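Residue numbers (the UniProt record's numbering): 1 to 255.
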C-alpha cells in the first residue's frame, strides 16, 4: 500500500471537518483565516539519507528537503521544529557541534528560525521537521488546468547519481564525484522563486519522489493525463556527460 492509498482509505475521513487539511491531498496544512502554512516531513537513516557519516551534510539535506514543501507552495518558511531519535553514537559532542554549525548556516541562508522540537532515545536514527510559514494564499497541488505547461525549477537527476556514488554503484573521477555528492546532500532550493510562483502557477508540488511519481500526484484529483518530452527535461552538463560516457539511460535518472 502506497502513501496515497493509505491516506485515501484510512486517514482522509478524519480530516473532513478541518478545511486547512486540504483533504490530506497536498503537502501542507493551510489555515486561510490565520494565514498559517505547516508541513511535516520525516527522514530515516537508510531510507531518506544513506548514513550519518557526514552529520553536517545530512542535516542540511533534511532541512532543505523540508522547507522546499512550503517554497513550492509560494510560501517563505519562517520557523522550523526538529524532533530527533537516535543514540549516543549518533549524537556525540562532535556530531552535535557539526549539526549546530550547519543549522546556523541554513538559518542565515533561508532566514528561518529554530523554534522547538523533541529528542527520543532509539537505535534507529531519524529526524522529523515541522516547517511553518505565513501567507494569504498558497499554490494548491490539485488545481491543474487543461493545457497547462509543465515546468521544473532546476536540473533533475544529479542527486540520484550522487546516491549511486555513495552506494559505490558508479565510479567517477574526483571532481565529478564531489559534484554529485554535493548535489545529493545540498539540493538547490529555489528560495528566490517564492515571490514569482504565484504570478503564473495554477498548481505546484515539491519534487521528492521523482518527476513521474510527483506528476501523478499533481494530476490525480482532476484525472488529467500529462505529456512530457524526455529531451526537454533539464539535466546538468555533468550528468549529461556521464550518461553519454557510461551509456546510461536518461529516463532512469528522472523518474
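The beta-carbon is built from N, C-alpha and C at its ideal position, and this holds for glycine as well.
The model shown is predicted, which means the values in this text are computed figures rather than measured ones.
Where residue i sits in the DSSP three-state scheme
i, result
"residue 250", "helix"
"residue 224", "coil"
"residue 133", "strand"
"residue 146", "coil"
"residue 170", "coil"
"residue 194", "helix"
Among the options, nearest to residue i - alpha-carbon criterion
i, options, result
"residue 161", "116, 197, 210 and 95", "210"
"residue 254", "66, 242, 235 and 244", "235"
"residue 82", "7, 101, 115 and 157", "115"
"residue 186", "63, 19 and 17", "63"
"residue 230", "110, 104 and 155", "155"
"residue 218", "72, 46 and 55", "72"
"residue 191", "18, 237, 146 and 110", "110"
"residue 27", "89, 188 and 205", "205"
"residue 35", "189, 55 and 78", "78"
"residue 212", "226, 200, 201 and 202", "226"
Span of the beta strand (DSSP E) around residue i
i, result
"residue 97", "That residue, residue 97, is in no beta strand (DSSP E); its alpha helix (DSSP H) goes 93 to 110."
"residue 116", "113 to 121"
"residue 15", "Where residue 15 is concerned, there is no enclosing beta strand (DSSP E), given that its DSSP letter is neither H nor E."
"residue 158", "Where residue 158 is concerned, there is no enclosing beta strand (DSSP E), although the alpha helix (DSSP H) it sits in stretches over 158 to 166."
"residue 39", "36 to 44"
Same chain only: Cβ atoms within 7 angstroms of residue i, ignoring 5 sequence neighbours per side
i, result
"residue 222", "142 and 144"
"residue 121", "87"
Whole-angstrom C-beta distance between residue j and residue i, which should lie under 8 angstroms
i, j, result
"residue 69", "residue 131", "7 angstroms"
"residue 133", "residue 40", "Not really, about 13 angstroms apart at Cβ, beyond 8 angstroms."
"residue 45", "residue 126", "7 angstroms"
"residue 238", "residue 179", "6 angstroms"
Own chain partners of residue i with C-beta closer than 6 angstroms, once the 5 adjacent residues on each side are dropped
i, result
"residue 166", "50"
Cutoff 8 angstroms; reference residue i; Cβ partners in own chain excluding five residues on either side
i, result
"residue 198", "74, 137 and 139"
"residue 107", "113 and 114"
Enclosing alpha helix (DSSP H) for residue i [first to last residue]
i, result
"residue 66", "55 to 72"
"residue 81", "Per DSSP, residue 81 belongs to no alpha helix (DSSP H); it is in the beta strand (DSSP E), 77 to 86."
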